[in-house]
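Position one of the sequence shown corresponds to residue 1 (UniProt numbering), numbered consecutively onward. The beta carbon of each residue, even a glycine, is placed where N, CA and C say it ideally should be. Written below as structure tokens is the structure these notes are about.
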Amino acid sequence: NSIGNCSALICFQSEGALTVVESTDGGDEEEEEEATVGDEDEGHLEVVQPTELWQTLKPGQAVPAGSHVRLNLQTGEREVRLGEEQLKYWSQEHREEQEALSSFSPDELKRAMKKIKADSISAEQQASAGSRFRPLEELKKDMAELDLLVETDVQIMKRLLEQLNNSNASPEQRVGVLQELEYLVHQVDNAQTLCAMGGLQLVLGGLNSSDFRVQENSALVLGSALSSNPAVQVQAVENGALQTLLTALATAQPLHVRKKVLFAVASLLRHFPLAQQHFLSRGGLQLLAALFRQDGGGVLRTRIATMLYDLISEKRGLEAFLDSAHQERLRQYSRVSLQAELLEDGWCLLVPQLLDSTEHDYREKALRTLLAMAPVCLQEFRSHGSLLDSLVSLRDQYQDLVQSEMILGEENSYFLEMVELIDALHVKMK
């Protein structure tokens, strides 16, 4: 028998494979056996753990470095056992551990290699993250400094009012300031803060400007601040806003300015009987009648008719409540002599003119307002021959539209609602 010494077991890693090369020092030639584990392998790469006894090596089996390997000339098979150095340190415990690891499947080898790669990537990512992200304490400090730079709504309004109060500000600058204020005062608290800062007087002053853009945006800010904000409504009346608005409404020439001023007037009067009383006593309804007659396009007429409808309806709606709070409001509304003013200023004959419009929306607003005015204007409606003719003509027109929609299979028709409004008014006039 010839005895060879296995001095090394060398492993090479390539992508998706593990290569094992056996090297011997027994002669001039070196014999290499290569076992490759790839994705297509279905078996196991078996690593034989030598003992102190000779054991036969099967083809494809690998041995650890330092093992003794010999060729049995009688059988022609290779045999292996522990080397001398290994025998010195071999122990049963070590042997059991190695035996447990004597076989590795391709999947186990792949997972092991991926874990090594993942650990390497994780370490690199941690190092990269450390360079890209700043310490928490440093971030907290920067955020605290940033909070000092962020303006609150109160600070913004203070700055804007200072700019608005600057006598050297150009009309363009004033318009820009007013547009920013209009955005802010939609919030109830901001509108009240505006009043507390004295901004209400500055905005009212803009209604007297010679620049139509400043007038328009001042009226828009005022209307937005007054909308559904009783505290601002009270302060506006106390600061003479109603008279300023009526003056602007009477003198403003461009239609777009009058529309915004009318919006501010409606916002001031809504659900505020004291303001309505002052409005009537200052000739507000007569002024609206004059504007109604002047407006040929119908835009202002529709807004004025809607405003009348709101004034009549909100007073009538309180009569159904019996609690003390509503009774007090009803007592305040009783001082608003709206019905008498409607008769005196000729509204019973003015509003029907809106039915001549070709716009369905204008007609709808007119019909709803006429129904609200019917208890006051019934006698005038009956004596107004052209009103009855208009109602008959409109009913025929809308009934045809309803029939057309029914053919198309449409339900809940807008035109059917118009027919119902006409019929309701017709019934009251009989």
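Count the C-beta pairs between the stretch 266-273 and the stretch 301-318 that are closer than 8 angstroms, then say yes if the count reaches three, no if not. yes
Is the number of C-beta pairs between the stretch 283-294 and the stretch 228-241 that are closer than 8 angstroms three or more? no
Counted within 10 angstroms of its Cβ, other Cβ atoms place Pro-352 as buried (16 or more) or exposed: One-based indexing of the sequence shown puts residue 352 at position 352. Buried, because 16 or more other Cβ atoms sit within 10 Å of the Cβ of Pro-352.
Note down the Cα distance separating Gln-61 from Lys-114, rounded to an integer number of angstroms. Position 61 of the sequence shown, counting from 1, holds the residue named residue 61. Position 114 of the sequence shown, counting from 1, holds the residue named residue 114. Answer to the nearest angstrom: the Cα atoms are 25 angstroms apart.
Measure the C-alpha to C-alpha separation of Val-419 and Leu-349 and round it to an integer number of angstroms. Looking up residue 419 in the sequence shown gives position 419. Looking up residue 349 in the sequence shown gives position 349. Using only the alpha carbons, I get a separation of about 22 angstroms.
Going along the chain, which residues of its own chain have a beta-carbon closer than 8 angstroms to the beta-carbon of Leu-421, five neighbours each way excluded? Counting from 1 along the sequence shown, the entry for residue 421 is found at position 421. So the list reads Glu-364, Leu-367, Arg-368 and Leu-371, once near-sequence residues are dropped.
Using the rule of at least 16 other Cβ atoms within 10 Å of the residue's Cβ for burial, across every protein chain shown, is Ala-340 buried or exposed? For the purposes of this step, residue 340 is taken as residue 340 along the sequence shown, with counting starting at 1. It is exposed - the Cβ of Ala-340 has fewer than 16 other Cβ atoms within 10 Å.
Got a sec, what are the start and stop residues for the alpha helix (DSSP H) Glu-162 sits in? By 1-based counting over the sequence shown, the position of residue 162 is 162. Here the alpha helix (DSSP H) through Glu-162 covers 153-164.
If we ignore side chains and look at the alpha-carbon of each, how far apart do Gly-284 and Val-299 end up? Here the question's residue 284 lines up with position 284 in the sequence shown. Here the question's residue 299 lines up with position 299 in the sequence shown. So the two alpha carbons sit approximately 19 angstroms from each other.
Check the C-beta distance from Gln-277 over to Arg-335 and give it rounded, since I have them as a contact under 8 angstroms. Here residue 277 is taken as the residue at index 277 of the sequence shown, counted from 1. Here residue 335 is taken as the residue at index 335 of the sequence shown, counted from 1. With a Cβ gap of about 5 angstroms, Gln-277 and Arg-335 count as contacting.
Could you check whether Leu-207 and Ala-219 sit closer than 8 angstroms to each other, using their CB atoms as the reference points? As a working mapping, residue 219 is identified with position 219 in the sequence shown. As a working mapping, residue 207 is identified with position 207 in the sequence shown. It is a contact, given that the beta carbons lie within the stated cut-off.
Taking DSSP's pairing of strands, which residues face Arg-78 in a bridge? By 1-based counting over the sequence shown, the position of residue 78 is 78. Beta-bridge pairing links Arg-78 to Leu-71.
Need the endpoints of the alpha helix (DSSP H) that Phe-133 sits in, please. Counted from its first residue, the sequence shown places residue 133 at position 133. No alpha helix (DSSP H) contains Phe-133, which DSSP labels as neither H nor E.
Three-state secondary structure assigned by DSSP to Glu-52: By one-based count along the sequence shown, residue 52 stands at place 52. Three-state result, Glu-52: coil.
Closest to Leu-354 by C-alpha separation, out of Leu-161, Arg-301 and Gln-399, would be which residue? For this step, residue 354 is matched to residue 354 along the sequence shown. The option with the nearest alpha carbon to Leu-354 is Arg-301.
Contact belief for Asn-217 with Leu-245 at Cβ below 8 angstroms, rounded distance in angstroms: Your numbering for residue 217 matches position 217 in the sequence shown. Your numbering for residue 245 matches position 245 in the sequence shown. Wrong, their Cβ atoms sit about 15 angstroms apart, outside the cutoff.
Tell me Ala-290's beta-bridge partners as DSSP assigns them. Your numbering for residue 290 matches position 290 in the sequence shown. None; Ala-290 has no bridge partner.
Spell out the partners DSSP gives Val-47 in its beta bridges. The count along the sequence shown starts at 1 and reaches residue 47 at position 47. DSSP output for Val-47 lists Ala-62 as bridge partner(s).
Element boundaries [alpha helix (DSSP H), containing Leu-338]: As a working mapping, residue 338 is identified with position 338 in the sequence shown. Where Leu-338 is concerned, the enclosing alpha helix (DSSP H) stretches over 338-344.
Proximity winner among Leu-200, Phe-415, Leu-408 and Ile-407, relative to Asp-396 (alpha-carbon distances): As a first step, residue 396 must be located in the sequence shown, where it is residue number 396. When each option's Cα is compared against that of Asp-396, the closest is Phe-415.
What residue from Leu-401, Glu-411, His-426 and Met-406 has the CA that sits closest to Val-392's CA? Indexing the sequence shown from 1 puts residue 392 at position 392. With distances taken between Cα atoms, Val-392 lies closest to His-426.
Which of the three DSSP states, helix, strand or coil, is assigned to Phe-272? The residue labelled residue 272 in the question sits at position 272 within the sequence shown. Here Phe-272 sits in coil by DSSP.
Measure the alpha-carbon distance for Trp-347 versus Met-373 and round it to whole angstroms. Within the sequence shown, numbered from 1, the residue matching residue 347 stands at position 347. Within the sequence shown, numbered from 1, the residue matching residue 373 stands at position 373. Looking at the two C-alpha atoms, the distance is approximately 9 angstroms.
Just how far apart, CA to CA, sit Phe-133 and Glu-151? The sequence position of residue 133 within the sequence shown is 133, counting from 1. The sequence position of residue 151 within the sequence shown is 151, counting from 1. Approximately 28 angstroms between the Cα atoms of the pair.
Within the continuous alpha helix (DSSP H) that includes Ser-224, where are the two ends? Mapped onto the sequence shown, residue 224 falls at position 224. First-last of the alpha helix (DSSP H) with Ser-224: 212-226.
For Ala-275 and Lys-260, I'd like the C-alpha separation in whole angstroms. Within the sequence shown, the letter at position 275 stands for residue 275. Within the sequence shown, the letter at position 260 stands for residue 260. Computed Cα separation, rounded: 18 angstroms.
Do Leu-136 and Met-157 come within 8 angstroms of each other at the CB atom, strictly closer than that value? Mapped onto the sequence shown, residue 157 falls at position 157. Mapped onto the sequence shown, residue 136 falls at position 136. Not closer than 8 angstroms, so no.
When we look at the beta-carbon of Gly-43 and count the other beta-carbons within 10 Å, is it buried (16 or more) or exposed? Indexing the sequence shown from 1 puts residue 43 at position 43. Since pLDDT at Gly-43 reaches only 48, below the 50 mark, its modelled position is unreliable, and the value read off the structure follows with that caveat. It is exposed - the Cβ of Gly-43 has fewer than 16 other Cβ atoms within 10 Å.
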